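For reference, the structure is listed below as structure tokens.
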Amino acid sequence: MSVVRIEHVFKEYQLGEQTVHALNDITWSIEAGVFLAISGPSGSGKTTLLNLIGCIDKPSSGKIFINEEDVSEKSPNELADLRSRSIGFIFQTFNLLPVLSAAENVEYPLLRRTDISAEERKKRVDYFLDIVGLSQFANHRPNQLSGGQRQRVAIARALAIKPAIVLADEPTANLDKATGREILSLMKKINRHLKTTFIFSTHDQKVIDRADRLVQMEDGCITAFGVRNEMDKTWNLARVRALPESDDE
Ligand code: ADP
Ligand code: MG
């Protein structure tokens, strides 16, 4: 089953007089359980695409299905509800709330879930802080933690709702190489053990090579799909099409 399905999605931004075509006719479906990298140069549309999949933003046209549910027509409230049940987010700059402890940050997305009791919340916080190896740091504030530890808190926070999908926008870009590797290994371990679908953007080849699926982007288009060969770890790349001719000059 596909966990995300995207049909002819376009996204335009208006910048004064200028229209920016951030995504041009994206059609794609993502199988549940994959560990998938979106690669491409800065400005190619990675963040825009992740924001649309995450229902933080809406396409200008086209449809997006999450678990085969059409999200294009949903109200902001319905989208917030869907996010709080199905989608975990990890950001480049961690985005933890500075006044909350690690445990409180992990608990935070659970607070809008009226179906989850206080007791269950506490269980999940303990469980996911343990998974990311931070049980002893539960009462630390973000400024008392290293970058790598902050990103681990962010991973625990993303997982606390038990999401179908975790979206991570350049999750290692603000970390040193060794810490970035650790964070990626942790994400991969969680992907394998909990079967959570991970979709992350990056332009770091080392990070790309840890993925098992790849989508390459350029100028708002998907230019190639990749599947990693389990035997020799090389990429099987299927190029999609040439970039469309520029028609605006
Ligand atoms: P990436 O994450 O690959 O660097 P983005 O999705 O951030 O790419 O951006 C794609 C294109 O859309 C870029 O040309 C960028 O300048 C433009 N863009 C992104 N967000 C906005 C916005 N809020 N307003 C106007 N243009 C934007
Ligand atoms: Mg980006």
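Quick note on the numbering used here: the sequence shown kicks off at 217 and runs consecutively.
Virtual Cβ for every residue (Gly too), placed ideally from N, Cα, C.
A quick note: this is a predicted structure, and the numbers were derived from the prediction, not measured.
Are residue i and residue j closer than 8 Å when you measure CB to CB?
{"i": "threonine 418", "j": "proline 379", "result": "no"}
{"i": "valine 225", "j": "glycine 278", "result": "yes"}
{"i": "alanine 394", "j": "asparagine 355", "result": "no"}
{"i": "leucine 312", "j": "arginine 368", "result": "no"}
{"i": "isoleucine 269", "j": "leucine 453", "result": "no"}
{"i": "alanine 374", "j": "isoleucine 332", "result": "no"}
{"i": "serine 302", "j": "isoleucine 381", "result": "yes"}
{"i": "glutamine 377", "j": "valine 348", "result": "In the sequence under discussion, the amino acid at residue 377 is isoleucine, which differs from the glutamine named in the question. No. Outside cutoff."}
{"i": "proline 387", "j": "arginine 357", "result": "no"}
Assuming residue i and residue j form a contact by the criterion Cβ under 8 Å, report the distance between their Cβ atoms to the nearest whole angstrom.
{"i": "serine 288", "j": "isoleucine 246", "result": "Contact flag wrong, Cβ pair sits at about 17 Å."}
{"i": "serine 407", "j": "phenylalanine 414", "result": "Note that residue 407 is asparagine in the sequence shown, not serine. Going by Cβ atoms, the distance from asparagine 407 to phenylalanine 414 rounds to 5 Å, so yes, they are a contact pair."}
{"i": "isoleucine 242", "j": "isoleucine 272", "result": "Between isoleucine 272 and isoleucine 242 the Cβ distance is about 16 Å, and since that is not below 8 Å, they are no contact."}
{"i": "alanine 427", "j": "arginine 444", "result": "7 Å"}
{"i": "glycine 436", "j": "glycine 261", "result": "4 Å"}
Just reading off the beta strand (DSSP E) that residue i is part of, what are its end residues?
{"i": "aspartate 241", "result": "234-247"}
{"i": "glycine 363", "result": "Not the beta strand (DSSP E): glycine 363 falls in the alpha helix (DSSP H), residues 363-376."}
{"i": "aspartate 385", "result": "381-385"}
{"i": "histidine 224", "result": "218-231"}
{"i": "serine 417", "result": "413-418"}
{"i": "threonine 439", "result": "437-444"}
In terms of residues, what are the limits of the alpha helix (DSSP H) holding residue i?
{"i": "lysine 262", "result": "262-269"}
{"i": "phenylalanine 344", "result": "334-347"}
{"i": "glutamine 432", "result": "Run containing glutamine 432: none in the alpha helix (DSSP H); it sits in the beta strand (DSSP E), 429-434."}
Say whether the region 284-293 touches the region 227-239, bearing in mind that this needs 3 or more beta-carbon pairs closer than 8 Å, one atom from each stretch.
-> Contact between the region 284-293 and the region 227-239 is absent: fewer than 3 CB-CB pairs across the two stretches fall below 8 Å.
Contact between the region 428-441 and the region 247-265: three or more CB pairs below 8 Å?
-> Cβ pair count under 8 Å is three or more, so yes.
Residues whose Cβ lies closer than 6 Å to any heavy atom of the ligand ADP, in chain order = For the ligand ADP, the selected residues are Tyr229, Leu231, Val236, Ala238, Gly256, Ser258, Gly259, Ser260, Gly261, Lys262, Thr263 and Thr264.
Using 8 Å as the Cβ pair cut-off and three pairs as the minimum, do the region 393-401 and the region 338-346 touch?
-> No, they do not touch.
Count the C-beta pairs between the region 326-339 and the region 360-371 that are closer than 8 Å, then say yes if the count reaches three, no if not.
-> Short answer: they don't touch.
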